[in-house]
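Peer 1: In my numbering, the protein residues as written are 198 to 471.
Heads up, the beta-carbon is just placed ideally off N, CA and C, and yes, glycines get one too.
None of these values were measured; they are calculated from a predicted model.
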Ligand SMILES: [Fe+2]
Ligand SMILES: [Fe+2]
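#1: Assign residue 236 to buried or exposed, taking buried as 16 or more other Cβ atoms, counted over all protein chains shown, within 10 Å of its Cβ.
#2: Taking DSSP as the reference, what is the three-state secondary structure of residue 328?
#3: Taking 8 Å as the cut-off, decide whether the C-beta atoms of residue 247 and residue 271 are in contact.
#4: My understanding is that residue 404 touches residue 374, with C-beta atoms under 8 Å, so please give their C-beta distance in whole angstroms.
#5: Around the C-beta of residue 232, are 16 or more other C-beta atoms found within 10 angstroms, so that it is buried, or is it exposed?
#6: From the DSSP secondary-structure annotation, give me the bridge partner or partners of residue 401.
#7: Extract the residue ranges of the beta strand (DSSP E) inside the segment 253 to 279, only unbroken runs of 3 or more that lie entirely within it.
#8: What does a CB cutoff of less than 6 Å around residue 410 pick up in its chain, not counting 5 residues either side in sequence?
#9: Let me check understanding here. Comparing Cα to Cα, which of 452, 450, 360 lies closest to residue 418?
#10: Give me, in chain order, the residues of the same chain whose beta-carbon lies closer than 6 Å to that of residue 448; leave out the 5 immediate sequence neighbours on both sides.
#11: Could you check how far apart the C-beta atoms of residue 276 and residue 347 are, in whole angstroms? I think they sit under 8 Å.
#12: Taking a cut-off of 7 Å, which residues have a beta-carbon closer than that to any heavy atom of ligand 1, in chain order?
#13: Can residue 347 be considered in contact with ligand 2, in the sense that its beta carbon sits closer than 7 Å to one or more heavy atoms?
#14: For residue 302, write down the residues that DSSP places opposite it in a beta bridge.
#15: Taking buried to mean at least 16 other C-beta atoms within 10 Å of its own C-beta, is residue 204 buried or exposed?
#16: Three Cβ pairs or more, each shorter than 8 Å: is that satisfied between the segment 209 to 229 and the segment 310 to 327?
#17: Can you give me the C-alpha to C-alpha distance between residue 318 and residue 364, rounded to a whole angstrom?
#18: Quick one: what's got a C-beta closer than 7 Å to residue 422's C-beta in the same chain, skipping five residues either side?
#19: Check whether the Cβ atoms of residue 256 and residue 282 sit closer than 8 Å, and answer yes or no.
#20: Which residue spans inside the segment 206 to 257 form an unbroken alpha helix (DSSP H) run of at least 4?
#21: Could you pull the DSSP bridge partners for residue 199 from this structure?
#22: Quick check on DSSP: helix, strand or coil for residue 294?
#23: Would you kindly work out how many angstroms separate the C-alpha atoms of residue 372 and residue 453, rounded to a whole number?
#24: How long is the line joining the alpha carbons of residue 234 and residue 263, rounded to whole angstroms?
#25: Mind checking who residue 421 pairs with in its DSSP beta bridge?
#26: Please work out which residues of its chain come closer than 7 Å, Cβ to Cβ, to residue 420, disregarding the five sequence neighbours upstream and downstream, and give them in chain order.
#27: Report the option in 298, 306, 265 whose CA atom is closest to the CA atom of residue 331.
Right, here's the structure in full:
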């Protein structure tokens with residue numbers, strides 16, 4: 198099964214750019230790229246920061262745009278989103294307690310979409326109410342589960358980003374530890390960085406967003422770091438006993454040299470046969 202993971206699309210009013218880049222235009226470029234190469238994907242998930250300022254107009258535009266995408270799409274909200282404005286446009290995605298969380302079954306597992314947004318802060322929160330919801334979902338089914346969330350559930354050891362990570366991450370990892378045999382993978386966004394690792398033995402991955410990019414500048418301890426690295430989306434393949442995660446840099450404008458072309462160079466030594 199193939200799944201598309203997008204994150205941090207940060208939609209803005211038309212004409213407004215972030216880092217000199219137009220989020221709507223870049224979202225369109227991502228969708229075009231996805232439909233060219235991955236129209237057979239089973240599901241597309243956008244893990245939050247859908248709107249840069251949580252504006253209702255951004256959600257309305259996104260809803261209309263997604264209606265024309267022939268792949269099922271599910272959404273998480275992030276710190277830049279406004280839960281109430283989002284809920285007004287996507288009422289079907291609102292669950293108990295008003296949180297934007299839900300369930301979607303695929304042939305390779307049951308997807309759970311988590312809400313880590315907390316008003317008035319860029320940091321992520323996962324309160325007792327949301328933990329209880331997640332525990333109930335993990336208890337009611339044997340799995341395997343795929344989890345999707347905006348904030349990183351582990352520290353990055355990048356000071357400025359760690360200040361706005363999921364602040365309840367210890368409790369979250371303890372829950373992951375209890376259900377590690379059922380959770381196959383956790384996908385997150387927020388950092389605008391390609392990341393891989395595990396929490397409590399559960400594999401996790403993240404990627405650059407479809408618009409502006411971060412940079413892991415370890416020497417900067419106070420301010421967030423941005424870069425001009427290419428815009429990206431993720432493609433994930435699930436086999437019976439493996440998961441492969443790609444980050445496709447659709448914003449890369451350099452050359453792509455194909456084997457056999459004059460610029461590619463020698464692949465094989467004369468004595469080496471394939
Ligand atoms: Fe973001
Ligand atoms: Fe974020």
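Peer 2: Concretely, from the data shown:
#1: Burial check for residue 236: the Cβ neighbour count within 10 Å stays below 16, so the residue is exposed.
#2: Helix.
#3: Not a contact, by the Cβ cut-off of 8 Å.
#4: That belief does not hold up - the Cβ atoms of residue 404 and residue 374 are roughly 25 Å apart, past 8 Å.
#5: Burial call: exposed.
#6: Assignment of beta-bridge partners to residue 401 by DSSP yields 383, 394.
#7: Those beta strand (DSSP E) runs which fall completely within the segment 253 to 279 and span 3+ residues are 270 to 273.
#8: Closer than 6 Å at Cβ, skipping near neighbours: 389, 424, 426.
#9: Of 452, 450, 360, the residue nearest in Cα terms is 360.
#10: Excluding positions up to five away in sequence, the list reads 427, 428.
#11: With a contact defined as Cβ atoms closer than 8 Å, residue 276 and residue 347 qualify at about 7 Å.
#12: Qualifying residues come out as 205, 207, 246, 275, 277, 386, 387, 389, 406.
#13: Correct: residue 347 has its Cβ closer than 7 Å to ligand 2.
#14: The beta-bridge partner set that DSSP reports for residue 302 consists of 307.
#15: Under this definition residue 204 is a buried residue.
#16: Contact between the segment 209 to 229 and the segment 310 to 327 is absent, with fewer than three C-beta pairs closer than 8 Å.
#17: Distance between the alpha carbons of residue 318 and residue 364: 11 Å.
#18: Only 411, 412, 414 meet the Cβ criterion.
#19: Contact annotation: residue 256 and residue 282 have beta-carbon atoms nearer than 8 Å.
#20: Whole alpha helix (DSSP H) segments, 4+ residues: 220 to 234.
#21: The partner list for residue 199 (beta bridge, DSSP) reads 434.
#22: DSSP, reduced to helix, strand and coil, places residue 294 within a helical segment of the structure shown.
#23: Using only the alpha carbons, I get a separation of about 43 Å.
#24: Answer to the nearest angstrom: the Cα atoms are 18 Å apart.
#25: According to DSSP, which records beta bridges pairwise, residue 421 is partnered with nothing at all.
#26: So the list reads 357, once near-sequence residues are dropped.
#27: Out of 298, 306, 265, 298 has the C-alpha closest to the C-alpha of residue 331.
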